[in-house]
Amino acid sequence: MLILYFLSVFAPILLTNVIFYQVTTNNVENQRMKDISRAVEQIRNEFRNEIEDAINLSSVFYMDLMLNEILEANYDTDAAYVEAYDSYLRRVLNSYSPVYHSVQAITVYVDNPTIFHSGGVGYISERVKETDWYNTVKSNKHSQPIVMRTTSDSDGQRTLSILRKMNYYETYNEREKILKIDLNMHSISNIFKNLNLQGNMYLINERGIIDYTTDPDVDYESKRVYFENVPHSEDTIEFPAEYAFVNYLDGWRIVGTISEEEVFNEVWKSRNFVIILASINIVLPTLIIVWITRSLNVRIIRILRHMKKVKNQHFETIEQTDSRDEIGQLTNEFNRMTLQIKSLIDDVYVADIQKKNLELQNRRAQLNALQSQINPHFLFNALETIRMRSLIKSESETAKIIQNMAKIFRNSLVWNKDLVTVKEELELIHCFLEIQKYRFGQKLDYSVEVAESVYGCAIPKLIFLPFVENASIHGIEPLKEGGKIRVRIERMPEDILFTIQDNGAGMTEDQIRQLNGLMESNDEMGEHVGIYNVILRLKLYYGKRFEFRIESGKGHGTMISLRLPIEKNRGVGV
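Per the working numbering, residue 33 is the first one in the sequence shown, and the count goes up by one each step.
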């Protein structure tokens with residue numbers, strides 16, 4: 033039945049749906065890519081239309097004879113210029129803005145000192161000559177319009193401008209005249225915010241610099257940003273649209289960047305539809321076949337389940353049914369066999385098995401106890417063997433590190449002596465620092481300064497070493513280079529002062545406050561379990577007669593000082 037189902041139902045339905053899915057997704061994907069490309073081209077054309085409107089407007093000013101004549105004239109009095117401005121200039125300079133919504137401001141710059149520089153007329157001053165747009169127009173040998181990014185004359189904001197020399201009439205070309213038309217960036221912004229595109233749009237000039245973008249992460253207004261330097265995710269798809277055969281936009285292009293997730297969103301919708309349809313086509317026949325075959329496989333599965341129970345020594349019989357077919361006969365024989373086996377095991381083997389299980393568990397417990405005693409000695413012997421082999425091969429540095437590891441491990445396991453001398457504790461500190469020096473190399477530099485008078489003083493075992501370990505792992509390890517650890521042990525009149533200082537990563541104020549709180553609290557603290565253990569043991573030994581102090585700052589290293597009373601009535605080996 034299963035073979036018939038897979039060959040006649042499942043495989044044909046699956047193959048048909050896979051083919052249908054491939055065809056559908058390819059069509060949806062191609063259509064989506066075309067829609068996005070058309071949307072980018074629409075933005076390109078609309079932006080070009082805005083520029084062309086401003087270019088056409090510049091041509092009107094460029095060929096306006098009366099405008100050139102008024103700007104070239106010398107005025108003996110201010111009243112004479114005001115009369116000329118009111119009679120023609122005011123109407124000319126202010127009548128185009130309501131018609132051309134893409135134009136924000138129109139300014140004619142001229143080096144005529146006899147006119148007022150206001151109301152759309154500006155003076156070519158030294159400040160103007162220092163601007164990029166003036167130098168660009170000045171270096172242009174032709175009178176063709178130039179599109180570039182400038183500062184708006186009306187509100188001081190960065191905008192796109194149309195720049196053009198006004199030298200059309202040779203008779204009125206004694207003075208330098210430059211026309212500057214500032215575009216309305218709100219209109220430009222509306223063009224680029226196309227609702228069909230859920231990505232970022234970039235307007236790129238002929239030098240590859242972004243002059244406008246909808247990407248909020250690109251600061252194109254305050255600095256020059258090259259499009260090739262803008263980071264994009266690996267799943268980003270670019271849709272470029274260049275300006276061909278347009279002189280004033282030669283080399284300019286518009287690029288849309290959209291993630292694959294957005295592009296293939298419609299494809300995934302089609303995929304979900306295909307999956308749902310395929311599921312319906314597969315599930316319905318499957319339910320019918322399962323309903324037909326259930327009368328056969330349910331009883332076989334029930335027999336198999338009881339056979340597994342017999343394997344685990346659960347001798348349960350199968351409930352008797354009225355079926356007299358082959359499966360019913362098999363059920364009856366299984367029940368008879370199960371009852372016979374259960375009776376035989378209960379009478380002969382149960383007692384013997386229980387006795388052997390107890391003996392086996394006892395032997396296993398003895399073996400575990402013996403192994404727990406052998407393992408440390410085996411590790412010591414293995415380390416010593418490796419060290420001797422390293423010495424034979426003249427690998428003295430490796431042998432020294434292994435010896436240091438063996439000393440630290442052996443000492444940490446022997447707790448028959450609670451107090452040690454400062455000298456014995458220093459041996460472990462030197463071993464640990466040598467291991468860390470071997471690990472970090474030139475990254476770690478350390479020094480240990482100890483007063484000779486404290487060598488024989490008794491202190492609790494492994495009191496100083498956790499602080500050295502903490503400085504190495506949490507302080508020096510995050511650094512790339514230049515790690516330093518300074519250990520100093522001094523003897524005061526009645527105290528031993530232990531100080532350790534590093535230039536590592538340091539700690540935050542919350543971490544310092546939590547560590548200082550260990551003096552008053554008995555709560556265990558996360559990653560500083562070593563420090564918690566030290567302070568807990570010091571409380572047991574000295575009560576409140578010791579002092580623990582920590583100074584640190586994030587990125588400024590850490591200094592820890594520990595002051596312990598000198599115990600005159602306690603000897604080493606207690």
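All C-beta atoms, glycine included, are put in the ideal place defined by N, C-alpha and C.
For residue i versus residue j, is the C-beta distance shorter than 7 Å?
i, j, result
"Leu103", "Lys209", "yes"
"Tyr53", "Val306", "yes"
"Arg76", "Ala310", "no"
"Arg523", "Val486", "yes"
"Tyr201", "Asn100", "yes"
"Ser127", "Asp85", "no"
"Ile544", "Ser593", "no"
"Trp284", "Asn237", "yes"
"Tyr234", "Ile223", "no"
"Val72", "Gly288", "yes"
"Met98", "Tyr113", "no"
"Pro317", "Val41", "yes"
"Lys469", "Leu476", "yes"
"Phe347", "Thr325", "no"
"Gly507", "Ala537", "yes"
"Tyr37", "Ile320", "no"
"Pro22", "Ile87", "Residue numbering for the chain in the displayed model covers 33 to 606; residue 22 lies beyond these limits and cannot be assessed."
"Ala490", "Leu451", "yes"
Between the alpha carbons of residue i and residue j, how many angstroms are there, rounded?
i, j, result
"Ser69", "Asn81", "18 Å"
"Glu292", "Met95", "50 Å"
"Ile532", "Phe499", "8 Å"
"Leu46", "Lys341", "39 Å"
"Ile434", "Gln474", "20 Å"
"Arg303", "Ile312", "14 Å"
"His409", "Thr430", "Caution is warranted here: a pLDDT of 45 is assigned to His409, below 50, making its placement in the model unreliable, and no coordinate value can be reported."
"Thr349", "Leu376", "16 Å"
"Asn199", "Gly240", "30 Å"
"Glu162", "Tyr275", "30 Å"
"Leu494", "Val566", "8 Å"
"Gln386", "Asp378", "12 Å"
"Gln398", "Gln345", "For Gln398, the predicted model reports a pLDDT of 42, less than 50, meaning its position is unreliable; a value from the coordinates is still stated below. Rounded to the nearest angstrom, the two C-alpha atoms are 28 Å apart."
"Gln372", "Asn364", "13 Å"
"Val140", "His264", "41 Å"
"Ala43", "Trp323", "20 Å"
"Ile461", "Ile269", "58 Å"
"Ile156", "Tyr244", "28 Å"
"Tyr252", "Gly562", "52 Å"
"Lys343", "Ile335", "13 Å"
"Val124", "Glu115", "14 Å"
"His218", "Leu229", "18 Å"
"Ser254", "Glu481", "56 Å"
"Arg471", "Ile505", "11 Å"
"Phe271", "Glu294", "13 Å"
Could you check how far apart the C-beta atoms of residue i and residue j are, in whole angstroms? I think they sit under 8 Å.
i, j, result
"Phe464", "Phe496", "No, Phe464 and Phe496 are not in contact; Cβ-Cβ is about 10 Å, not under 8 Å."
"Thr590", "Met551", "Between Met551 and Thr590 the Cβ distance is about 17 Å, and since that is not below 8 Å, they are no contact."
"Leu596", "Tyr574", "7 Å"
"Ile332", "Ile308", "Their Cβ separation, rounded to whole angstroms, is 34 Å, which puts Ile332 and Ile308 out of contact at 8 Å."
"Phe366", "His338", "7 Å"
"Gly154", "Arg122", "Not confirmed; about 15 Å, so no contact."
"Gln136", "Thr191", "7 Å"
"Leu547", "Ile582", "6 Å"
"Pro492", "Arg569", "6 Å"
"Ile286", "Phe79", "7 Å"
Counting C-beta neighbours from all protein chains within 10 Å, is the total for residue i 16 or more, i.e. buried, or is it exposed?
i, result
"Asn58", "exposed"
"Ala503", "buried"
"Ile517", "buried"
"Arg181", "buried"
"Val257", "buried"
"Ile406", "The pLDDT assigned to Ile406 is 39, lower than 50, so where the model puts this residue is not dependable; a value taken from the coordinates is nonetheless given after this. Exposed, since its Cβ has fewer than 16 Cβ neighbours within 10 Å."
"Val142", "buried"
"Asp108", "exposed"
"Asp214", "buried"
"Phe148", "exposed"
"Asp534", "buried"
"Ser221", "exposed"
Would you check whether the ligand COA has a heavy atom nearer than 6 Å to the C-beta of residue i?
i, result
"Gly231", "This structure simply doesn't include the ligand COA, nor any ligand for that matter."
Under 7 Å between C-beta atoms, does residue i make it to chain B?
i, result
"Tyr478", "Absence of chain B from the displayed structure is noted, only one protein chain being present."
Review point. Is it true that the segment 195-202 meets the segment 248-268, where meeting means three or more beta-carbon pairs spaced less than 8 Å apart?
Key: no
Practice item. Take every Cβ of the segment 206-223, pair it with every Cβ of the segment 155-173, and state whether three or more of those distances are shorter than 8 Å. Key: yes
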